[in-house]
DNA sequence: AACGCTAATGCAAATATTCGCATTAGCTAC
DNA sequence: GTAGCTAATGCGAATATTTGCATTAGCGTT
């Protein structure tokens, strides 16, 4: 087994532990779905996850994929990001939190350092006793490029995130 | 004509001006859809907007409603908020920006004062030359009630926002 | 007022997502 | 290891949302 595959397996094992601790059952289909998401470099849409999982086990059903994605989102183990062209899901591992700046004009996406969000967290805690869960958090706006005279409102710009 | 209706008409006229200035055409269907959204107290889902617009003109089509909602979101004239039970749309007027704290555990929603977000805006501008557009912005997390021992993970809690 | 360009519409069909329900299979307790 | 409970699954059907395309109708120009 190559290294990448082993890394995927390890990640999935870790997630399964977490799911089990939170009262979810570890099923074959669920593990399969997790493996597909963990192995992917970029974010995958529901249909892609379904297609790849079905390659491994033809009985896998699309609605099960959707149900698992919903659960994994709720447990904050995957993130969902829509920058046009549908929602794409990716693994959200502890220690490697993901926060995005998404440009409304050209679609470019970049990550924000958590440090930018930390003070907001403190203030929301103090002001509202509200504890934000920033995993997979996205902020929309106008990016450097578009503010600096880049082509405005260029649609359908996509990039690997 | 009663006062509320006049207020709605005024809002729609203001929005139409803005749309026109941005190169959109002012059509009957579009104005109808705007009137429905402006008249509503709470947020409406696409289907509700469709139903009400169709009452006024039976030829209105659901896909036109979706296309207008997409455009209005893009122009930041309406906000979309999903707290379970589907996406609900509402008017987003200048001077009355809306930013929400949404609890992931009980579903409660409350508004955040823009003042909490202002420093983040400054820092994103300085650090990334990124200008956030916070209209209709939502932050998910765990609310006061749920942090203070409220029933955890109570689903399907809904309230007027 | 008529003309031309094309955004916007309505309609139908294609996709995407959710739901109800009978069945299966993890997990716990014995 | 087996029995029982019920979360999770697969399947089909119901909704929700998007898309392609021919037609209509704003709006600027003449």
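Protein chains in written order, with my numbering: chain X, 1 to 161; chain B, 162 to 322. Just so it is clear, CB atoms sit at the ideal spot from N, CA and C, and this is done for glycine as well. Since this is a predicted model, take the numbers as computed values, not measurements.
query: Could you tell me which residues DSSP puts in a beta bridge with residue 243/B?; result: 248/B
query: Once DSSP output is grouped into helix, strand and coil, what is the label at residue 117/X?; result: coil
query: Using the Cβ count rule (16 or more neighbours within 10 Å means buried), how would you classify residue 8/X?; result: buried
query: Just to confirm, are residue 190/B and residue 221/B a CB contact at a threshold of 8 Å?; result: yes
query: Please report the distance separating the alpha-carbon of residue 215/B from that of residue 229/B.; result: 14 Å
query: Counting only beta-carbon separations shorter than 8 Å, does residue 303/B have a partner in chain X?; result: yes
query: Kindly say whether residue 262/B, judged by its beta-carbon, lies nearer than 8 Å to any beta-carbon of chain X.; result: yes
query: Can you tell me where the beta strand (DSSP E) with residue 235/B in it begins and where it stops?; result: From DSSP, residue 235/B is part of no beta strand (DSSP E) but of the alpha helix (DSSP H) over 223-235.
query: Is there contact between the region 283-296 of chain B and the region 133-148 of chain X, where contact requires at least three CB pairs shorter than 8 Å?; result: yes
query: Rounded to whole angstroms, what's the CA-CA distance from residue 312/B to residue 267/B? Just pull it up for me.; result: Bear in mind that the predicted position of residue 312/B carries a pLDDT of just 48, short of 50, making it too unreliable to give a figure here.
query: For a cutoff of 8 Å on Cβ pairs, would you count residue 25/X as touching chain B?; result: no
query: Buried or exposed: residue 199/B, going by 16 or more other Cβ atoms within 10 Å of its Cβ?; result: buried
query: What is the C-beta distance between residue 87/X and residue 109/X, in whole angstroms, given that I count them as a contact (C-beta under 8 Å)?; result: So it is not a contact: roughly 14 Å between Cβ atoms.
query: Any contact between the region 175-184 of chain B and the region 203-217 of chain B? By contact I mean 3 or more CB pairs, one from each, below 8 Å.; result: no
query: Using a Cβ-Cβ distance under 8 Å, would residue 338/B count as near chain X?; result: Because chain B in this structure spans residues 162 to 322, residue 338/B falls outside the shown range and cannot be described.
query: Taking all protein chains shown into account, decide if residue 4/X is buried (16 or more other Cβ within 10 angstroms of its Cβ) or exposed.; result: exposed
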